[in-house]
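One structure is given below, encoded as structure tokens.
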Amino acid sequence: MAKILLETLKGNPSDRVPFWFMRQAGRYLPEYREVRATAPSFMDFCYSPDKATEVTLQPIRRFGMDGAILFADILVVPDGLGQDVWFEAGVGPRLNPVTDKASYDRLSLGAFHEKVGNVYETLRRLKVELPSDVTLLGFAGAPWTVATYMIEGAGSKDHAAARQMGYGDPELFGKILDLLVDATAEYLIAQIDAGADAVQIFDSWSAAIPEPMFEKWVIEPTRAIVDKVRAKHAETPIIGFPRLAGAMLPEFVARTGVNAVSLDTGVPLSWAAEHVQSQVCVQGNMDPHLVVAGGQPMVDEANRILDKLKGGAHIFNLGHGFVPQTPPENVALLSETIKNFRR
Ligand code: CP3
51 MAKILLETLK GNPSDRVPFW FMRQAGRYLP EYREVRATAP SFMDFCYSPD KATEVTLQPI
111 RRFGMDGAIL FADILVVPDG LGQDVWFEAG VGPRLNPVTD KASYDRLSLG AFHEKVGNVY
171 ETLRRLKVEL PSDVTLLGFA GAPWTVATYM IEGAGSKDHA AARQMGYGDP ELFGKILDLL
231 VDATAEYLIA QIDAGADAVQ IFDSWSAAIP EPMFEKWVIE PTRAIVDKVR AKHAETPIIG
291 FPRLAGAMLP EFVARTGVNA VSLDTGVPLS WAAEHVQSQV CVQGNMDPHL VVAGGQPMVD
351 EANRILDKLK GGAHIFNLGH GFVPQTPPEN VALLSETIKN FRR
């Protein structure tokens with residue numbers, strides 16, 4: 051059977067609009083929480099092919115999405131480079147921050163694939179277990195977003211430490227981005243070797259960056275990754291997600307060469323159709339908090355998005371990931387709404 055999500059990414063859309071959801075595997079599903087409880091830590095969970103395969107498949111069994119996204123985390127990359135990464139309950143990710151040349155020098159690609167190799171094993175198992183019409187999506191964080199965690203040592207609201215290093219010590223900051231470009235390109239190439247049909251690069255924190263810095267911190271590293279991945283796997287679609295990049299989106303698409311782009315919740319759809327979807331396939335935009343509320347307003351909004359983007363290649367998705375309070379029955383209703391729409 052045809053993979054309609056993969057075909058849409060390649061610019062061959064079908065009558066039915068394919069769909070998947072960011073954070074479709076996660077705490078809103080009781081069966082996820084059950085598996086999660088058996089892992090000693092979140093990083094162990096990401097590196098356990100049995101458990102990661104199982105939770106990747108859970109939402110597909112329940113809702114029949116057209117895409118399955120590998121279960122792992124963007125912070126696998128700094129972990130593979132030798133930085134300490136751990137998750138604290140109620141706090142989120144923590145890392146030993148990279149603050150100077152000495153802490154940068156402790157990072158290396160030397161043991162990367164060995165350290166993260168179980169993620170590739172998860173993909174090999176998914177390739178065997180997934181229905182033949184489901185597209186297998188790999189992913190990584192974009193260098194800018196991953197660097198915000200590496201330099202801050204945690205999540206943060208304004209990414210102050212990364213911005214200040216970017217301005218104050220551009221040489222060190224550039225070295226960190228360059229290392230992340232190399233690691234991320236190798237990581238995505240290995241994911242495709244292991245069976246990923248397409249990959250997404252998450253730049254979750256690319257909001258409110260001044261234009262010259264957006265070029266250096268967001269566009270150039272992403273473009274370098276796209277070039278390296280294409281050199282090995284010319285046919286594999288790459289999805290970009292410069293979240294909250296606003297009016298920079300058309301330039302991001304044109305300059306990075308991605309095959310598709312994810313739209314956050316604030317992007318106006320008529321504008322996106324004219325300036326973004328005219329260049330590449332688009333996905334995204336549905337407010338994840340509307341799926342918490344559910345009901346007719348959610349159905350109406352899903353139909354509005356489907357209608358606004360019906361003129362070109364479109365994959366239905368959210369503007370950001372599901373939140374833990376999302377009732378699974380609302381996800382079922384949303385999935386049925388999308389499956390019943392015809393362009
Ligand atoms: O279903 C999927 O989307 C696949 C798996 C996936 C996870 N994280 C699992 C996860 C993906 C694609 C990610 C990407 C990710 N991780 C991003 C980019 C996308 C985005 O959301 O903006 C970012 C910024 C991270 C970093 C991260 N991981 C944070 C800040 C947190 C803690 C916040 C929270 O929700 O607890 C995580 C943990 C995490 N990653 C969870 C899941 C399901 C929840 C942790 C748990 O189950 O205990």
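Per our numbering, the sequence shown starts with residue 51, numbered consecutively. Glycine included, C-beta positions come from ideal geometry on N, C-alpha and C. Since the model is a prediction, treat every value here as computed from it, not as a measurement.
CB contact flag (residue i, residue j, <9 angstroms)
i	j	result
Ser256	Thr185	no
Tyr154	Ala190	no
Val279	Val249	yes
Met48	Thr315	Nothing about residue 48 can be read from this structure; the chain reaches only from 51 to 393.
Phe372	Val381	yes
Ala192	Phe252	yes
Ala233	Gly130	yes
Ala258	Leu173	no
Arg156	Pro338	no
Leu59	Ala310	yes
Leu313	Met348	no
Leu187	Ile119	yes
Pro143	Ala204	yes
Phe69	Ile388	yes
Val276	Val303	no
Gly362	Val317	no
Ile239	Lys177	no
Ala152	Gly132	no
Gly334	Gly369	yes
Ile365	Gly114	no
Val67	Arg273	no
Asn353	Phe71	no
Close Cβ partners of residue i (< 6 angstroms) along its chain, the five nearest in sequence each way excluded
i	result
Glu81	Gln108
Val342	Gln375, Thr376
Asn168	Tyr97, Pro99
Leu319	Lys358
Val85	Lys101, Glu104, Val105
Glu202	Ala211
Three-way DSSP call (helix, strand, coil) for residue i in this model
i	result
Gln375	coil
Asp357	helix
Trp136	strand
Thr149	coil
Leu383	helix
Leu186	strand
Arg293	coil
Asn390	helix
Arg144	strand
Ser320	helix
Val311	strand
Phe302	helix
His364	strand
Asp337	coil
Gly203	coil
Gln250	strand
Gly345	helix
Ile259	coil
Val326	coil
C-beta neighbour in chain D for residue i, strict 9 angstroms
i	result
Phe71	As a matter of chain content, chain D is missing from the structure shown, which is built from one protein chain.
Residue i burial status per 10 Å Cβ neighbour count (16 or more: buried)
i	result
Tyr199	buried
Met298	buried
Ser98	buried
Asn62	exposed
Met51	exposed
Arg293	buried
Gln214	exposed
Tyr217	exposed
Gly290	buried
Asp247	buried
Lys207	exposed
Pro128	buried
Ala322	buried
Cβ neighbours of residue i in the same chain (closer than 7 angstroms, five flanking residues each side left out)
i	result
Ala75	Tyr82, Val105, Thr106, Gln108, Pro109, Phe121
Asp134	Leu145, Asn146
Ala89	Phe95, Ser98, Lys101
Val126	Cys96, Val166, Val169
Val308	Val276, Ile288, Ile289, Gly290, Val330
**Message:** Suppose only complete runs of 4+ residues qualify. What are the alpha helix (DSSP H) ranges in the stretch 154 to 179, listed by chain order?
**Reply:** 162 to 179
**Prompt:** Going along the chain, which unbroken runs of the beta strand (DSSP E) with 3 or more residues stay wholly within the stretch 54 to 132?
**Reply:** 117 to 119
**Asked** Can you list the alpha helix (DSSP H) stretches of 4 or more residues lying completely in the stretch 210 to 251, in chain order?
**Response** 210 to 218, 220 to 243
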